[in-house]
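Engineer: Sharing a structure with you now.
There are 2 protein chains.
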Amino acid sequence: MAGLVCSKSGMEQVLVENEVQQVKLLDSVNDDHGGVIVELSEAMDLKVFASMLKASIALWRSQGKRGVWIKIPIELINLAEAAVKEGFWFHHAEPKYLMLAFWIPECAHTLPANASHCVSIVAFVMNNKREVLVVQEKSGKFRGTGIWKFPTGGVDEGEDICAGAIREVKEETAIDTEFVEVLAFWQSHKSFFEKSNLHFVCMLRPLSFDIQKQESEIEDAQWMPWDDYVAQPFVQKHELLRQLVDIYRAKEDETYFGFPPVPMASKHPGQKSYLYFNDRDLKSSKV
Amino acid sequence: MAGLVCSKSGMEQVLVENEVQQVKLLDSVNDDHGGVIVELSEAMDLKVFASMLKASIALWRSQGKRGVWIKIPIELINLAEAAVKEGFWFHHAEPKYLMLAFWIPECAHTLPANASHCVSIVAFVMNNKREVLVVQEKSGKFRGTGIWKFPTGGVDEGEDICAGAIREVKEETAIDTEFVEVLAFWQSHKSFFEKSNLHFVCMLRPLSFDIQKQESEIEDAQWMPWDDYVAQPFVQKHELLRQLVDIYRAKEDETYFGFPPVPMASKHPGQKSYLYFNDRDLKSSKV
Chain X
23 MAGLVCSKSG MEQVLVENEV QQVKLLDSVN DDHGGVIVEL SEAMDLKVFA SMLKASIALW
83 RSQGKRGVWI KIPIELINLA EAAVKEGFWF HHAEPKYLML AFWIPECAHT LPANASHCVS
143 IVAFVMNNKR EVLVVQEKSG KFRGTGIWKF PTGGVDEGED ICAGAIREVK EETAIDTEFV
203 EVLAFWQSHK SFFEKSNLHF VCMLRPLSFD IQKQESEIED AQWMPWDDYV AQPFVQKHEL
263 LRQLVDIYRA KEDETYFGFP PVPMASKHPG QKSYLYFNDR DLKSSKV
Chain R
23 MAGLVCSKSG MEQVLVENEV QQVKLLDSVN DDHGGVIVEL SEAMDLKVFA SMLKASIALW
83 RSQGKRGVWI KIPIELINLA EAAVKEGFWF HHAEPKYLML AFWIPECAHT LPANASHCVS
143 IVAFVMNNKR EVLVVQEKSG KFRGTGIWKF PTGGVDEGED ICAGAIREVK EETAIDTEFV
203 EVLAFWQSHK SFFEKSNLHF VCMLRPLSFD IQKQESEIED AQWMPWDDYV AQPFVQKHEL
263 LRQLVDIYRA KEDETYFGFP PVPMASKHPG QKSYLYFNDR DLKSSKV
């Protein structure tokens with residue numbers, strides 16, 4: 023049999039060939055790592071799918087394939103049962119599909135891990151009157167507490183952190199901003215279920231000043247005198263927030279330098295990729 | 023009916039009560055956001071589960087519940103079909119379970135997003151002979167290319183970046199290290215499927231020097247003269263790698279300052295949480 027990579031006895035090869043001839047196979051495309059990807063798109067009988075999957079695995083095994091991915095759209099979730107019976111496990115899921123994975127070789131699998139982190143931003147936006155842009159949220163743990171906090175929000179998959187920060191400030195307050203730099207970041211764990219969260223504290227420069235709050239999420243928004251923000255018991259109580267206040271103060275005094283995003287050539291033409299680093303130190307070291 | 027939050031006509035309430043009395047309900051626990059969590063653990067008939075789910079949703083609706091989570095272990099995946107028919111979508115999946123979500127109120131849901139990023143580290147480890155710790159990998163795109171690269175690896179969910187970097191260097195080379203700081207970071211998009219990746223370039227100080235390479239993943243590992251590493255065409259060809267070389271050089275000259283992890287009080291007693299920031303600038307600004 024052409025393309026045979028695994029060593030197989032003659033008898034096994036005949037069995038594989040027979041099986042392949044008797045049952046229709048699943049449509050698949052090769053991936054870049056010696057594996058195959060199946061995307062189900064049509065409803066079918068569970069038993070028919072089970073037979074096709076069994077025969078397809080036999081063929082892929084005979085071809086020396088490694089990882090097998092099956093993407094099941096939500097409307098065909100009844101078919102997942104057959105894949106699980108063949109030894110597939112869940113790799114990840116998005117609202118409209120479940121991705122199952124299977125590893126054919128005898129060795130431990132080298133498939134990539136599922137995403138492990140959410141990414142969010144905290145936006146420090148100060149105008150030239152020493153006022154900071156703050157909001158009160160309609161939901162979440164600060165709801166109804168009267169606490170004024172910096173705009174925060176999630177960075178989407180496929181979105182640059184600097185773009186996500188500009189978007190979140192715009193959505194919550196209608197203020198246009200220019201991204202300056204990442205001042206600091208921290209991780210939190212088990213933020214939902216077992217996942218972790220990376221929080222990037224970003225400085226942005228305001229380009230507009232008229233606030234229009236987002237009706238759905240924001241209870242209130244304002245430019246607040248910096249000293250009033252700092253004086254809030256909520257800020258004074260938390261070590262991390264006090265530390266951030268020190269950083270904001272040093273930034274105001276122009277004695278602190280974080281990581282601005284420096285554009286780099288990207289693999290994808292027309293797209294920018296950013297390296298975040300302390301370019302001030304690098305420039306002064308080159309002088 | 024006690025605990026009724028939504029306003030309902032008397033007739034609807036009677037219907038809900040009747041339904042509740044006729045069909046067994048799913049066991050659930052309340053979450054912290056006005057919703058409920060169901061963890062399935064026992065096999066049951068698909069039709070029975072569908073009836074129980076329908077009755078449970080009617081009850082939760084009458085109680086003013088918001089989000090509903092159903093965690094289905096892989097061995098009970100056949101039951102997912104009934105939840106999808108009721109309007110549930112996939113929230114996320116891990117190897118052994120699928121989490122489905124549903125939103126009862128009429129407004130847009132406020133459930134947290136699925137994890138969007140993988141996190142990985144690149145480890146810059148230099149000894150006092152100006153040699154850097156480099157490896158050749160057994161798999162991946164650099165396999166068989168002869169390219170020597172810094173150790174890299176994934177940070178697990180629930181793992182601190184600084185701990186992940188120390189672990190990866192130890193696993194790949196058996197070298198013990200102390201974490202110094204994050205020198206830079208970048209994002210890449212669509213690293214697998216639609217997910218993004220955050221790459222943290224970390225400096226670590228070696229505490230041991232005898233290399234033992236990891237058999238499963240590492241083809242070879244060595245302490246390589248710094249100038250030989252830099253001279254590799256692979257390093258010279260990429261803008262991002264050339265920029266990192268400039269950063270490593272400035273770090274060697276002690277003119278570059280990145281973000282070391284500074285321990286903060288954590289919500290979880292006995293655990294440390296780290297804020298990564300330019301503490302050198304902050305210290306000098308306080309003088």
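Listed in order, the protein sequences are those of chains X and R.
The first sequence runs 23 to 309 under this note's numbering.
The second sequence runs 23 to 309 under this note's numbering.
Ideal Cβ placement from N, Cα and C applies to all residues, glycine included.
(1) Distance, Cα to Cα, Pro127/X vs Gly168/X?
(2) Considering only residues of the same chain and omitting the five flanking positions on each side of Gln236/R, which have a CB-CB separation below 6 Å?
(3) Let me know if Phe146/R comes out buried or exposed under the rule of 16 or more other beta-carbons within 10 Å of its beta-carbon.
(4) For Ser31/X, which residues from the same chain have a beta carbon less than 7 Å from its beta carbon, with the 5 sequence-adjacent residues on both sides left out?
(5) Alpha carbon to alpha carbon, how far is Gly86/R from Ala24/R? Give it in angstroms, no decimals.
(6) Figure out for me which residue from Glu61/R, Lys259/R and Ile233/R has the closest Cα to the Cα of Pro173/R.
(7) Taking Cβ-Cβ distances below 8 Å as the criterion, which residues of the stretch 101 to 115 of chain R are in contact with chain X?
(8) Is the beta carbon of Pro134/R less than 9 Å from the beta carbon of Cys129/X?
(9) I'd like to check one pair, Ile94/X with Leu75/X: are the Cβ atoms closer than 9 Å?
(10) Within a Cβ cutoff of 8 Å, which residues of the same chain sit near Ser138/R, ignoring the five residues on either side of it in sequence?
(11) Go ahead and pull the three-state DSSP assignment for Leu48/R.
(12) On the three-state DSSP scale, how would you describe Asn15/X?
(13) What is the DSSP secondary structure of His74/R, reduced to helix, strand or coil?
(14) Please report the distance separating the alpha-carbon of Asp178/X from that of Leu205/R.
(15) In whole angstroms, what separates the C-alpha of Glu108/X from that of Ser73/R?
(16) Report the residues of the stretch 238 to 249 of chain X with a CB closer than 9 Å to any CB of chain R, ordered along the chain.
(17) Name the two residues that bound the continuous alpha helix (DSSP H) containing Gln258/X.
(18) Enumerate in chain order the residues of its own chain whose CB-to-CB distance from Gly242/R is below 8 Å, with the five nearest sequence positions on each side excluded.
(19) With a threshold of 9 Å between beta carbons, is Glu190/X in contact with chain R?
(20) Do the CB positions of Gly175/R and Ser142/R come within less than 9 Å of each other?
(21) Contact check, Lys118/R vs Trp248/X under 8 Å by CB: the rounded distance?
(22) Check whether chain X comes within 9 Å of Cys224/R, counting only Cβ atoms and requiring the distance to be less than that.
(23) Could you say which of Ala123/X, Asp67/X and Tyr251/X lies nearest to Asn100/X if we only look at CA atoms?
(24) Could you tell me the alpha carbon to alpha carbon distance between Pro283/X and Leu297/X, rounded to whole angstroms?
(25) At a CB distance below 8 Å, what residues from the stretch 165 to 185 of chain X approach chain R? Give them in sequence order.
(26) Pick out whichever of His131/X, Ile96/X and Ala104/X has its Cα sitting closest to the Cα of Ala115/R.
(27) Considering only residues of the same chain and omitting the five flanking positions on each side of Ser213/X, which have a CB-CB separation below 6 Å?
(28) Quick test of your reading: His221/X and Phe201/X, contact by CB under 8 Å. State the CB separation rounded to the nearest angstrom.
(29) Quick check on DSSP: helix, strand or coil for Asp301/X?
(30) Determine the direct distance from the alpha carbon of Ile197/X to that of Asp182/R, and round the result to whole angstroms.
(31) How would you write the range of the beta strand (DSSP E) that Gly175/X sits in, first residue to last?
(32) Exposed or buried, which one is Gly57/R when buried takes at least 16 other CB atoms within 10 Å?
(33) Roughly how many angstroms lie between the CA atoms of Ser63/X and Lys46/X, to the nearest whole one?
(34) Note down the Cα distance separating Lys259/X from Lys163/X, rounded to an integer number of angstroms.
Structural biologist: Inspection of the coordinates gives the following:
(1) 58 Å
(2) Glu193 and Glu194
(3) Under the 10 Å beta carbon count, Phe146/R is surrounded by 16 or more other beta carbons and is classified as buried.
(4) Unreliable positioning characterises Ser31/X in this predicted model, as indicated by a pLDDT of 43, which lies under 50. The coordinate reading is nonetheless provided below. For Ser31/X, where only same-chain residues beyond five positions count, there are no Cβ hits under 7 Å.
(5) Caution applies to Ala24/R, whose pLDDT of 33 falls short of 50 and renders its modelled position unreliable; the value that the coordinates give is listed next. Rounded to the nearest angstrom, the two C-alpha atoms are 11 Å apart.
(6) Ile233/R
(7) Ala102, Glu103, Val106, Trp111, Phe112, His113, His114 and Ala115
(8) no
(9) No, the Cβ-Cβ distance between Leu75/X and Ile94/X is not below 9 Å.
(10) The answer, listed in chain order, is Lys217 and Ser218.
(11) coil
(12) Because chain X spans 23 through 309 in this model, residue 15/X falls outside it and cannot be assessed.
(13) Before going on, a small fix: residue 74/R reads as Met here, not His. Reduced to three states, the DSSP call for Met74/R is helix.
(14) 24 Å
(15) Rounded to whole angstroms, Glu108/X to Ser73/R spans 29 Å at the Cα level.
(16) Ser238 and Glu239
(17) Counting along the chain, the unbroken alpha helix (DSSP H) around Gln258/X starts and ends at Pro255 to Lys259.
(18) The question names Gly, but residue 242/R in the sequence shown is Asp. Result list for Asp242/R: Val157, Gln158 and Lys235, in chain order.
(19) no
(20) Cβ distance < 9 Å, so Gly175/R and Ser142/R count as in contact.
(21) Contact between Lys118/R and Trp248/X does not hold, since their C-beta atoms are separated by about 49 Å, which reaches or exceeds 8 Å.
(22) no
(23) Nearest option by C-alpha distance: Asp67/X.
(24) 6 Å
(25) Gly176, Val177, Asp178, Glu179, Gly180, Glu181, Asp182 and Ile183
(26) Ile96/X
(27) Asn219
(28) Distance from His221/X to Phe201/X at the Cβ level is roughly 16 Å; contact not present, criterion being Cβ atoms closer than 8 Å.
(29) helix
(30) Taking the straight line joining both Cα atoms gives about 34 Å.
(31) Thr174 to Val177 is the span of the beta strand (DSSP E), which, as asked, contains Gly175/X.
(32) buried
(33) 16 Å
(34) 16 Å
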